[in-house]
Structure formats: structure tokens, C-alpha cells
Amino acid sequence: DVKVTQSSRYLVKRTGEKVFLECVQDMDHENMFWYRQDPGLGLRLIYFSYDVKMKEKGDIPEGYSVSREKKERFSLILESASTNQTSMYLCATGTSPNNEQFFGPGTRLTVL
Amino acid sequence: GNSVTQMEGPVTLSEEAFLTINCTYTATGYPSLFWYVQYPGEGLQLLLKATKADDKGSNKGFEATYRKETTSFHLEKGSVQVSDSAVYFCALRSSASKIIFGSGTRLSIRP
Chain A
62 DVKVTQSSRY
72 LVKRTGEKVF
82 LECVQDMDHE
92 NMFWYRQDPG
102 LGLRLIYFSY
112 DVKMKEKGDI
122 PEGYSVSREK
132 KERFSLILES
142 ASTNQTSMYL
152 CATGTSPNNE
162 QFFGPGTRLT
172 VL
Chain B
8 GNSVTQMEGP
18 VTLSEEAFLT
28 INCTYTATGY
38 PSLFWYVQYP
48 GEGLQLLLKA
58 TKADDKGSNK
68 GFEATYRKET
78 TSFHLEKGSV
88 QVSDSAVYFC
98 ALRSSASKII
108 FGSGTRLSIR
118 P
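In the order they appear, the protein sequences are chains A and B. For the first sequence, position 5 matches number 66 in the working numbering, and the numbering has no gaps at all. For the second sequence, position 19 matches number 26 in the working numbering, and the numbering has no gaps at all.
Shown next, in the form of C-alpha cells:
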């Protein structure tokens, strides 16, 4: 089974702090994704990556950056957290574009 | 642009009731269509999918048929169980590696 793990299930940070969310997958998938999930808005794509050191902006990249130094690890960075970034963050991986995505359990981030 | 519209929740049903969750889409070309499910405290997992018109996806008693003429992919189950309580997301794959999700429908089943 594909396993996608995220570094924290719950995280509380202060406004202005730098926040790192880590995602690790064990199935050698090329594609990795970061989404945020908000009530009534579904999932919105923040960034994705097709390969190591490669990244593409999704639909809502503002206020976020990403890093992919190794194939199995994809990090989401909030350079200066703000209260409107309080949300559930979901990492996903996938193989070819025609196939499904596999999701991690999510990190619920609260920014005070 | 490409989009997915699904019925708003929450939907509350009694056990053994018939379930329909409506989903319609707007897309150019021939997208693949998906239903994902999110159980409490977990990430999303694929429930079923269909890749071309008239395909029927099925899994765990759930079914959905890709209807190009009505641009729909409604989710159905003949007899729901308490364990089906979850949030259900309709989605389409619009281009290489990008999936567009609907807003989700929360389903609660009463014993």
C-alpha cells in the first residue's frame, strides 16, 4: 500500500512565524501535491511538483512556497504565517497523470 | 474554465436508505471523473472512477455513471450503512496531473 505521511496532525503557530509542513511518501511517485481544504470550498491546489527540484504553482500559491530536494519528500513553507492561512493542509502523490492521487491524513494548522 | 458542482450538504439519511449525491461538471475535451471519500480524521481516498463516456465506476456498493450528454457523474448506493458517514468529493482530471475537486458533501447516516 502507498503510504503518505505528514509531519504533524495538529499545529498551532503565531502570526508572522515561519511554518514548515513536511510530506513523505514511500512509493517512488513522481508527482506530489499540496492542497488546502476549507469548509464549502473543497480542496484547492497550492503547489505541485513533477520531479525533484521542480515545482509548479497551483491555483492559490500566494503566501506559500515549496521545496522538493528528494523524490520522496515535498515541503510546504509559510514564510510569514497569517490568520487566513488557518486551514487543513493535505499532501497527495501520484504516478502518471491518468491515475488517482493518494492522500496523507492532513495537518490542521491554526494561526493565532 | 473547468469546474465541478456537487450538491450541498449535509445529507442525513436513515440506515438502509437509498443515496444519491449529484455531481455535474464543466470541462473541455474528455475528462476523467472521480469520487473520493474522506472519513472522519483521515485524508481522502479514491472511491471510484470513470475515464470515458458511459463508463460505470463501482466500489463498496457505490456506483456512478459517466454521462456526457448531461455532464453528470452522480453517486448512488442502494442501501447505506452508518459506516458510510463521511464527506464525499466529486472531481475531474482536467489536464496532466491536475485534479479539480468539488466542494464536498457531508453524509450522515442515522442507525
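Quick reminder that beta carbons are idealized off the backbone N, C-alpha and C, glycines included. Here the structure is a predicted model, which means the values were calculated and not measured.
- Buried or exposed for residue 88 (chain B), please, with buried defined as at least 16 other CB atoms from any protein chain shown within 10 angstroms of its CB. Its Cβ having fewer than 16 others within 10 Å, residue 88 (chain B) is exposed.
- Query: With 8 Å set as the bound, which would you pick, yes or no: does the beta-carbon of residue 165 (chain A) sit closer than that to a beta-carbon of chain B?
  - Reply: For residue 165 (chain A), the answer is yes, since a Cβ of chain B falls inside 8 Å of its Cβ.
- Item | Contact set between residue 6 (chain B) and chain A, taken where Cβ atoms lie within less than 8 Å | One cannot answer for residue 6 (chain B) here, as it falls past the ends of chain B, which runs 8 to 118.
- Task: Spell out whether any CB of chain A is found under 8 Å from the CB atom of residue 52 (chain B).
- Result: Yes, contact with chain A.
- Query: Mind checking if residue 105 (chain B) is an interface residue toward chain A, Cβ cutoff 8 Å exclusive?
  - Reply: At a cut-off of 8 Å, the C-beta of residue 105 (chain B) has a neighbouring C-beta in chain A.
- Message: For the pair the segment 123–135 of chain A and the segment 63–78 of chain A, tell me if three or more CB-CB distances fall below 8 Å.
- Response: Output reads no: the segment 63–78 of chain A does not touch the segment 123–135 of chain A.
- Can you round the beta-carbon distance between residue 125 (chain A) and residue 108 (chain A) to whole angstroms, since I take them to be within the 8 Å contact cut? The Cβ separation is near 6 Å, so the contact holds.
- Use the C-beta contact count for residue 154 (chain A): other C-beta atoms within 10 angstroms, 16 or more gives buried, fewer gives exposed. Buried, because 16 or more other Cβ atoms sit within 10 Å of the Cβ of residue 154 (chain A).
- Message: Check whether chain A comes within 8 Å of residue 70 (chain B), counting only Cβ atoms and requiring the distance to be less than that.
- Response: Nearest CB-CB separation between residue 70 (chain B) and chain A: not below the 8 Å threshold.
- Taking 8 Å as the CB-CB limit, is residue 110 (chain B) close to chain A? Against chain A, the CB of residue 110 (chain B) has a partner CB under 8 Å away; the residue lies at that interface.
- Query: At least one CB of chain A closer than 8 Å to the CB of residue 41 (chain B): is that the case?
  - Reply: Proximity of residue 41 (chain B) to chain A, defined by a Cβ-Cβ separation below 8 Å, is satisfied.
- Message: For a cutoff of 8 Å on Cβ pairs, would you count residue 137 (chain A) as touching chain B?
- Response: For residue 137 (chain A), no Cβ of chain B is located within less than 8 Å of the residue's own Cβ.
- Query: Looking at chain B, which residues of the segment 87–105 of chain A have a Cβ within less than 7 Å of any of its Cβ atoms?
  - Reply: Those would be 92, 101, 102, 103, 104, in chain order.
- Message: DSSP has residue 92 (chain A) in a bridge; who is on the other side?
- Response: Paired residue(s): A:155.
- Interfacial residues, the segment 131–156 of chain A to chain B, with Cβ spacing under 7 Å: Within the segment 131–156 of chain A, 151, 155 place their CB atoms closer than 7 Å to a CB of chain B, listed in sequence order.
- Item | residue 72 (chain B), DSSP secondary structure in three states | In the three-state scheme derived from DSSP, where H, G and I count as helix and E and B as strand, residue 72 (chain B) is classed as strand.
- Residues of its chain near residue 59 (chain B), where Cβ-Cβ distance is below 7 Å and the 5 sequence neighbours each way are ignored: Taken in chain order, the residues that qualify are 37, 73.
- Message: Tell me which residue opens and which closes the beta strand (DSSP E) that residue 80 (chain B) is part of.
- Response: Where residue 80 (chain B) is concerned, there is no enclosing beta strand (DSSP E), given that its DSSP letter is neither H nor E.
- Message: On a Cα-Cα basis, can you pick out the residue from A:120, A:137, A:146, A:118 that is closest to residue 99 (chain A)?
- Response: Nearest option by C-alpha distance: A:146.
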